[in-house]
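Protein chains: 2
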Amino acid sequence: MFLVSAMHVKKLRLLTPGPTPLYPPAVRAMAGSDIHHRTEDFRSIYRRVLKNLAHFMGTAKDVVLFSASGTGAMEAAVSNLFSEGDKVLVVSAGKFGERWAALTRAFGLDVAVVEAPYGDAVSPEKVAEALGAEPNTQGVFVQATESSTGVVHDIGAMAEIIRKTQAIFVVDAITGLGTSHIDIDGWGLDVVVGGSQKALMIPPGLSFVAISEKAWARTQDEAGGSFYFNFRKYKEAGEAGESPFTPAISLLLGLDSTLAYIREIGPEKLIANAQFLACATRKAAEALSVQPFAKATPAGALTSICAPDGIDSGEIVKQFDDRFGSIIANGQGVMKGKIFRIAHLGYFDFSDLFGTMAGLEIILESLGHPIALGAGVQAVQQTYIEMYSNLEISD
Amino acid sequence: MFLVSAMHVKKLRLLTPGPTPLYPPAVRAMAGSDIHHRTEDFRSIYRRVLKNLAHFMGTAKDVVLFSASGTGAMEAAVSNLFSEGDKVLVVSAGKFGERWAALTRAFGLDVAVVEAPYGDAVSPEKVAEALGAEPNTQGVFVQATESSTGVVHDIGAMAEIIRKTQAIFVVDAITGLGTSHIDIDGWGLDVVVGGSQKALMIPPGLSFVAISEKAWARTQDEAGGSFYFNFRKYKEAGEAGESPFTPAISLLLGLDSTLAYIREIGPEKLIANAQFLACATRKAAEALSVQPFAKATPAGALTSICAPDGIDSGEIVKQFDDRFGSIIANGQGVMKGKIFRIAHLGYFDFSDLFGTMAGLEIILESLGHPIALGAGVQAVQQTYIEMYSNLEISD
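These protein sequences, in sequence, are chains A and B. Each residue of the first sequence is one higher than the last, beginning at 1 in my numbering. Each residue of the second sequence is one higher than the last, beginning at 1001 in my numbering.
Structure follows, in structure tokens:
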């Protein structure tokens, strides 16, 4: 069927919500990895990365950096701060909420779960209720952005409830950082987890955690909790410009490059960029009569869209690859085949979205979903133009 | 004025008709340049490159490869085959035609020029006339595709006239190769010049020439003509898998990579890809009421479009950069400010064109040219869909 795909030059375009498109200067920086990590040259890079990471996250708290994927840092939050039998609350609205539940259970914690169906979010009220019912709760785990569905939790409102309790508030912001407003210090978040392969525009393999005083008080010394992921070791070594264990040098150099770029444009503009693209995508979905999946506040990081009735979203994903060389994301877990996800986080721009939308229109039409060719692109263009006019007036 | 450009993530996109977008595996191959050029490993690469270059050009003739930009190979054609005082005819329809005139005059040849105004092409009849008027003409120089204007010459028809004479037919196909049908052997072309930074998707720095028996008979031994660009030296060394002088190793490795890719998809499909994109661009221009510049047969390599009345094309070029990070080409020489050029040669695909067209619409509207947002994109989409249906039937 897809003779045309063999016919055309197809550029591979990685358009998924993680890994995300790579920032080219970071890729070039990664090639310069012939540097030793126990040298003063590297120490100055490492210190700058920690400082710029905190700037990117908008926090004055300590930030520790692991050579590990995001789940490694999630595990660190559990192993450093909690012990077997601790009562904790997991707030779950999708596949990554389920990961918090599996992870906390794996460490023997006593886990209660408040959950929302896929596409929805757990309300702060539900969290308050659960904490009221179990005052001995030691920790609350949540996703800022649930990337399996494309919704955000109201982290600020949850924090207001949690910070009055003894519970440590642990936020997986792997997808949320750089795509939504997260006021770590203002809201009093205790543990905020991020990863390299999202808004930071480099490959997977680095993750990092901002840690509050309240959380530090729970940490154990080097002998306890965790060996590789021990927060105290990383804090102490970090102050000396080092990693306690051999760091992923190439990724560090790439991160140094993207953090410099983000400093240049400003973290708030990186967030606005994702939000604008998300807004434009929702308007395009409306113009194409396809339904956004989010029932709660939609994410800036990605937009999940329901496949039209009778169409498997996997067919849309496959055609993007076959026709245009574009890799977009299917639904995960129970949502596989039902939704597809258009990403906006990190190194995405309007030209990407114009191309994605034009391709989506061709695919939807070929699958029998009635659309007007160009209508989705036009909605994206109009959103771009509106933002542009607003900026001229307000900025 | 362009606050929005500071606001957004803008991906640098090189969308000019040379240098062209780079093929990523070639870029990665170029990083592996720690290889010595007088080793058997390198010789086997060099032999493969020469063989695949001939395959890409569709010729059984000898191909020699220079570490030099395209003008170097153009000079080689002059210095190897002609001597001071030789009567030659330059066929000129733009800036690169003018380069043939300047180059042949620099070597002291006795140059007659037949020219067409920018945007037009010189007819084969005019060439026949000029050759009739001067039977002692030793060579004819022409561009297959004049990239300053985006038109093609009828090389086949010119060849039919020239091959009956003593004249050597020298074709600058730097932009024409991989973007238009050029039957080097069938038409009996004598010297065909190509470069690396066009349909071959790698940076500038390599150029190559296919040479006929008729042309070889004019070449001089090592002592004459040219030292660095001496055809015979390159032929002899090439047969041994070598370059007579140190070759640009990284570019060679990149070329090896793109030639493998072109073998895989087929040179005729690379040409069709450019032609399809050019066709779609012309239809989009019509939908946006902007005038293609080509008065003669338009090129597959690029489409020149006239800036609407009262708009400087430089403003369109500048806005592409400011708003979207896209580098597109202004007119050259006397056409600067009057036309802009959308490229299709090499590593370009439909997603590129969707994005370029959506951006162009926004720019034209902002400059007061009345358009319907999405109309150009829609024309590109319809062209894509039509080609796709035709392919299903015919392939």
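Don't be surprised by glycine CBs; every beta carbon is placed ideally from N, CA and C. Predicted, not measured: the structure shown is a model, and the values here were computed from it.
I need the boundaries of the beta strand (DSSP E) containing residue i, first residue and last residue.
i                       : result
residue 1127 of chain B : Careful: residue 1127 of chain B lies outside any beta strand (DSSP E), inside the alpha helix (DSSP H) at 1124-1133.
residue 303 of chain A  : 302-306
residue 1115 of chain B : 1110-1115
residue 1341 of chain B : 1339-1343
residue 1208 of chain B : 1206-1211
residue 194 of chain A  : 191-195
In this structure, what does DSSP give as the bridge partners for residue i?
i                       : result
residue 143 of chain A  : A:172
residue 66 of chain A   : A:207
residue 1298 of chain B : B:1151
residue 1088 of chain B : B:1111 and B:1139
residue 202 of chain A  : Its beta-bridge partners do not exist; DSSP assigns none.
residue 259 of chain A  : In the DSSP output, where bridge partners are listed per residue, residue 259 of chain A has none listed.
residue 1292 of chain B : B:1305
Can you grab the Cα-Cα spacing for the pair residue i / residue j, in whole Å?
i                       : j                       : result
residue 12 of chain A   : residue 324 of chain A  : 8 angstroms
residue 327 of chain A  : residue 160 of chain A  : 39 angstroms
residue 128 of chain A  : residue 89 of chain A   : 11 angstroms
residue 177 of chain A  : residue 199 of chain A  : 7 angstroms
residue 1253 of chain B : residue 1015 of chain B : 23 angstroms
residue 95 of chain A   : residue 87 of chain A   : 22 angstroms
residue 242 of chain A  : residue 233 of chain A  : 10 angstroms
residue 26 of chain A   : residue 261 of chain A  : 9 angstroms
residue 1264 of chain B : residue 1019 of chain B : 23 angstroms
residue 78 of chain A   : residue 61 of chain A   : 19 angstroms
residue 136 of chain A  : residue 162 of chain A  : 12 angstroms
residue 278 of chain A  : residue 314 of chain A  : 21 angstroms
residue 281 of chain A  : residue 374 of chain A  : 13 angstroms
residue 42 of chain A   : residue 249 of chain A  : 9 angstroms
residue 141 of chain A  : residue 155 of chain A  : 11 angstroms
residue 283 of chain A  : residue 1378 of chain B : 18 angstroms
residue 1229 of chain B : residue 1295 of chain B : 36 angstroms
residue 131 of chain A  : residue 236 of chain A  : 34 angstroms
residue 1121 of chain B : residue 299 of chain A  : 54 angstroms
residue 1081 of chain B : residue 1035 of chain B : 34 angstroms
Is the CB of residue i under 7 angstroms away from at least one CB in chain A?
i                       : result
residue 1417 of chain B : In the structure as shown, chain B begins at 1001 and stops at 1395. Residue 1417 of chain B is therefore absent and cannot be evaluated.
residue 1381 of chain B : yes
residue 1076 of chain B : no
residue 1016 of chain B : no
residue 1262 of chain B : no
residue 1008 of chain B : yes
residue 1373 of chain B : yes
residue 1005 of chain B : Because the pLDDT at residue 1005 of chain B is just 46, under 50, the model does not fix this residue reliably, and the value given afterwards should be weighed accordingly. It does not; no Cβ of chain A falls within 7 angstroms.
residue 1303 of chain B : no
residue 1358 of chain B : yes
residue 1322 of chain B : no
residue 1362 of chain B : yes
Whose C-alpha, out of the options, is nearest the C-alpha of residue i?
i                       : options                           : result
residue 1256 of chain B : B:1196, B:1126, B:1386 and B:1115 : B:1196
residue 339 of chain A  : A:127, A:69, A:148 and A:73       : A:148
residue 290 of chain A  : A:344, A:364, A:248 and A:275     : A:364
residue 251 of chain A  : A:39, A:66 and A:18               : A:66
residue 214 of chain A  : A:206, A:204 and A:185            : A:185
residue 192 of chain A  : A:201, A:64 and A:293             : A:64
residue 1033 of chain B : B:1247, B:1152 and B:1124         : B:1247
residue 226 of chain A  : A:51, A:172 and A:74              : A:74
residue 1332 of chain B : B:1101, B:1103, B:1119 and B:1052 : B:1119
residue 1297 of chain B : B:1010, B:1053 and B:1145         : B:1145
residue 1306 of chain B : B:1122, B:1330, B:1049 and B:1028 : B:1330
So, is the C-beta of residue i closer than 7 angstroms to a C-beta in chain B?
i                      : result
residue 41 of chain A  : no
residue 378 of chain A : yes
residue 393 of chain A : Interpretation of residue 393 of chain A is limited by its pLDDT of 37, a score under 50 that renders its predicted location unreliable; no figure is taken from the coordinates.
residue 20 of chain A  : no
residue 183 of chain A : no
residue 34 of chain A  : no
residue 11 of chain A  : yes
How far does the alpha helix (DSSP H) with residue i in it reach, from first residue to last?
i                       : result
residue 238 of chain A  : 231-239
residue 1044 of chain B : 1040-1057
residue 271 of chain A  : 267-287
residue 25 of chain A   : 24-30
residue 103 of chain A  : 95-106
residue 1183 of chain B : Premise fails: residue 1183 of chain B is in no alpha helix (DSSP H) and is neither H nor E.
residue 35 of chain A   : Premise fails: residue 35 of chain A is in no alpha helix (DSSP H) and is neither H nor E.
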